[in-house]
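Notes to accompany the following structure.
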Ligand SMILES: [Cu+2]
């Protein structure tokens with residue numbers, strides 16, 4: 004972990020970040036909740052900077068190229084609270100509040116990035132369930148957000164929040180929630196051997212460079228064809244980009260939210276058949292990659308599980 008952290012610090016410094024503290028600097032004042040996973044992450048505690056992050060695109064407004072690294076927030080803590088006990092298969096309401104660890108004041112200065120002020124990824128503990136959703140700002144002055152979300156089954160979920168605040172900068176936080184009941188057997192996370200897969204009406208071929216994947220800079224390219232094998236050239240902009248990529252390591256230590264390079268497409272632009280993402284794998288391991296595209300009003304989510312050596 005220290006090695007990863009050092010690498011990330013180096014990457015972050017190269018990009019002009021200054022948020023790198025000591026790799027072991029942990030918020031010691033913060034009481035750890037009873038439930039830990041095997042990485043010692045407490046319930047409701049956001050990922051700390053020593054847990055790493057990769058490939059976050061901070062160039063939203065400029066439409067610039069994806070930046071290869073970003074620290075997970077050590078200055079902002081997410082508080083994600085169900086308004087009522089969550090029941091599997093039924094819509095529940097979550098309330099989000101983001102506060103400064105230093106002042107405990109709520110953040111209220113969220114900036115629009117990719118057409119939303121707050122992007123949230125909900126992932127089940129076995130990573131078989133994925134949702135990219137956008138809470139509603141329900142009380143701007145108090146910095147309170149709400150999200151209607153149905154969790155398909157009992158068990159633990161991770162909630163990743165991605166936002167930029169004028170005062171606190173770009174942040175990614177992680178919170179854990181548990182839906183009561185007996186969780187179903189975990190779906191094993193298996194590395195894909197087949198690089199062409201079908202999702203809904205789209206056939207997608209993934210081409211990752213370098214291949215096999217290794218740590219460091221990576222180009223992830225998805226080629227999209229329709230049922231008849233014709234290249235798809237009418238992808239529509241979805242939240243200000245032709246594609247959205249969310250990547251997560253199997254140990255939940257490393258994540259990324261990336262977008263294709265280039266200027267943000269105009270609303271009537273068409274994309275495809277290839278979309279490419281630059282990202283960076285800071286450490287070896289198994290990762291799941293969810294890439295989303297919009298065509299004909301339908302969002303298709305592709306997923307691949309890959310090994311990074
Ligand atoms: Cu989003």
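In this note's numbering, the protein residues as written are 4 to 312. By construction, the Cβ of each residue, glycine as well, lies at the ideal position given by its N, Cα and C atoms.
Inter-residue spacing [alpha-carbon to alpha-carbon] between residue i and residue j
{"i": "residue 159", "j": "residue 124", "result": "14 Å"}
{"i": "residue 307", "j": "residue 270", "result": "28 Å"}
{"i": "residue 103", "j": "residue 143", "result": "16 Å"}
{"i": "residue 134", "j": "residue 76", "result": "21 Å"}
{"i": "residue 195", "j": "residue 107", "result": "43 Å"}
{"i": "residue 200", "j": "residue 224", "result": "14 Å"}
{"i": "residue 183", "j": "residue 161", "result": "15 Å"}
{"i": "residue 228", "j": "residue 210", "result": "14 Å"}
{"i": "residue 121", "j": "residue 259", "result": "15 Å"}
{"i": "residue 206", "j": "residue 291", "result": "18 Å"}
{"i": "residue 314", "j": "residue 283", "result": "Only positions 4 to 312 of the chain appear in the structure, and residue 314 is not among them; the question remains open."}
{"i": "residue 72", "j": "residue 273", "result": "The pLDDT assigned to residue 72 is 37, lower than 50, so where the model puts this residue is not dependable; a value taken from the coordinates is nonetheless given after this. Rounded to whole angstroms, residue 72 to residue 273 spans 29 Å at the Cα level."}
{"i": "residue 197", "j": "residue 309", "result": "11 Å"}
{"i": "residue 95", "j": "residue 113", "result": "24 Å"}
{"i": "residue 261", "j": "residue 267", "result": "13 Å"}
{"i": "residue 84", "j": "residue 149", "result": "9 Å"}
{"i": "residue 116", "j": "residue 281", "result": "18 Å"}
{"i": "residue 285", "j": "residue 222", "result": "14 Å"}
{"i": "residue 299", "j": "residue 251", "result": "28 Å"}
{"i": "residue 180", "j": "residue 88", "result": "11 Å"}
{"i": "residue 212", "j": "residue 220", "result": "9 Å"}
Limits of the unbroken beta strand (DSSP E) element including residue i
{"i": "residue 131", "result": "Here residue 131 belongs to no beta strand (DSSP E), and DSSP marks it neither H nor E."}
{"i": "residue 92", "result": "No beta strand (DSSP E) contains residue 92, which DSSP labels as neither H nor E."}
{"i": "residue 279", "result": "277 to 284"}
{"i": "residue 82", "result": "79 to 85"}
{"i": "residue 209", "result": "205 to 212"}
{"i": "residue 249", "result": "247 to 252"}
{"i": "residue 154", "result": "Unbroken run through residue 154: none, as it is neither H nor E."}
{"i": "residue 290", "result": "288 to 298"}
{"i": "residue 241", "result": "From DSSP, residue 241 is part of no beta strand (DSSP E); its letter is neither H nor E."}
{"i": "residue 200", "result": "199 to 202"}
{"i": "residue 259", "result": "258 to 261"}
{"i": "residue 142", "result": "139 to 142"}
{"i": "residue 189", "result": "Looking at the DSSP string, residue 189 is not in any beta strand (DSSP E), and its letter there is neither H nor E."}
{"i": "residue 109", "result": "Where residue 109 is concerned, there is no enclosing beta strand (DSSP E), given that its DSSP letter is neither H nor E."}
{"i": "residue 195", "result": "Premise fails: residue 195 is in no beta strand (DSSP E) and is neither H nor E."}
As assigned by DSSP and simplified to three states, the class of residue i
{"i": "residue 104", "result": "coil"}
{"i": "residue 175", "result": "strand"}
{"i": "residue 127", "result": "strand"}
{"i": "residue 161", "result": "strand"}
{"i": "residue 167", "result": "strand"}
{"i": "residue 223", "result": "strand"}
{"i": "residue 2", "result": "The requested residue 2 is not part of the displayed model; the chain covers only 4 to 312."}
{"i": "residue 114", "result": "strand"}
{"i": "residue 308", "result": "strand"}
{"i": "residue 215", "result": "coil"}
{"i": "residue 120", "result": "coil"}
{"i": "residue 75", "result": "coil"}
{"i": "residue 274", "result": "strand"}
{"i": "residue 264", "result": "coil"}
Close-in-space but distant-in-sequence residues of the same chain around residue i (CB under 6 Å, 5 per side omitted)
{"i": "residue 296", "result": "238, 246 and 303"}
{"i": "residue 202", "result": "303 and 305"}
{"i": "residue 226", "result": "208, 276 and 277"}
{"i": "residue 127", "result": "160"}
{"i": "residue 301", "result": "none"}
{"i": "residue 82", "result": "100"}
{"i": "residue 249", "result": "124, 260 and 293"}
{"i": "residue 204", "result": "230"}
{"i": "residue 189", "result": "129"}
Same chain, Cβ closer than 7 Å to residue i, neighbours up to 5 away in sequence not counted
{"i": "residue 118", "result": "242 and 243"}
{"i": "residue 287", "result": "218, 311 and 312"}
{"i": "residue 157", "result": "91, 182, 183, 184, 185 and 186"}
{"i": "residue 263", "result": "244, 245, 246, 278, 279 and 280"}
{"i": "residue 138", "result": "99, 121, 123, 148, 149 and 150"}
{"i": "residue 146", "result": "100, 101, 109, 110 and 111"}
Neighbourhood of residue i by C-beta distance below 8 Å, restricted to the same chain and skipping five residues each side
{"i": "residue 168", "result": "79, 101, 110, 112, 113, 114 and 174"}
{"i": "residue 170", "result": "110 and 112"}
Let me have the residue list for ligand 1: C-beta closer than 7 Å to any non-hydrogen atom, ordered along the chain. Look at which beta carbons fall closer than 7 Å to any heavy atom of ligand 1; those residues are 117, 119, 122, 135, 137, 242 and 247.
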